[in-house]
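Residue numbers (the UniProt record's numbering): 1 to 239.
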């Protein structure tokens with residue numbers, strides 16, 4: 001975004017910011033970077049919907065009183081684009097972990113791939129990845145998984161409004177998904193591979209929309225941070 005005309009007073013009162021989360025950053029990394037840019041002022045900053053570290057794209061960040069509306073923004077429909085790799089699986093369902101099993105894909109046709117999406121539209125049941133941020137007994141599942149502990153996963157109901165195959169260049173398949181809150185695209189990819197009696201893991205993921213907010217309108221993290229740091233601090237901003 002080229003224009004930046006938000007004052008510190010407005011940040012304190014409450015702003016909704018659209019951020020293009022970089023690859024390998026956690027959502028918390030983004031929030032922390034923005035929160036620190038306000039120093040010495042202490043403002044509430046939070047995000048509305050976690051993106052995995054290996055994913056990029058739209059992250060909604062709220063400041064000040066706008067943080068009270070985070071649950072509302074989290075509940076909005078999401079759109080993603082991504083790439084899956086057929087013929088292999090990983091424990092994390094993405095590239096965080098190494099391939100643990102491989103499969104022959106020579107028999108899989110483009111028609112098979114297009115047809116397989118049909119069973120994943122509408123209301124479906126899916127299990128979250130063991131390597132996820134869901135808390136069990138006060139601890140993130142990925143912390144247990146990284147220690148090699150078995151974790152009990154519970155199925156959840158999610159809604160897939162659209163599942164479109166946009167390009168096929170085997171073993172890679174590009175896709176676009178529109179889905180409800182709480183959907184794990186990694187799990188969708190894993191289940192998609194199983195539906196072909198094969199395996200699949202996610203190699204790329206980008207959130208392009210959340211509700212009516214689009215990635216095209218997002219700030220780059222450091223662009224926003226530098227703009228905030230350039231503002232003249234007014235002590236009354238947070239009174």
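Built from N, CA and C at the ideal position, the CB exists for glycine as well.
In the DSSP assignment, residue 119 falls outside any alpha helix (DSSP H), carrying neither H nor E.
Each of 96, 164, 129 was checked against the Cα of residue 111, and the nearest Cα belongs to 164. Checking the DSSP bridge columns, you'll see residue 15 partnered with 63. As computed with DSSP, residue 47 is found in a beta bridge with 61. The stretch 65-83 makes contact with the stretch 194-206: 3 or more CB pairs, one atom from each, lie closer than 8 Å. Residue 88 is bridged by DSSP to 102.
In this structure, residue 218 sits near residue 59, with a CB-CB distance shorter than 9 Å. Secondary structure of residue 26 (DSSP, three-state): coil. When the five nearest sequence neighbours on each side are left out, the beta carbons in the same chain lying within less than 7 Å of the beta carbon of residue 90 are those of 97, 98, 99, 100, 201, in order along the chain.
The beta carbon of residue 17 sits closer than 6 Å to the beta carbons of 61 from its chain, once the five residues preceding and following it are set aside; these are given in chain order.
The alpha-carbon separation between residue 73 and residue 225 amounts to approximately 22 Å.
Residue 188: member of the alpha helix (DSSP H) spanning 185-195, first to last residue. Between the stretch 174-193 and the stretch 27-45 there are fewer than three C-beta pairs closer than 8 Å, too few to call the two in contact. Nearest in C-alpha terms to residue 156, of all of 105, 23, 123, 198, is 123.
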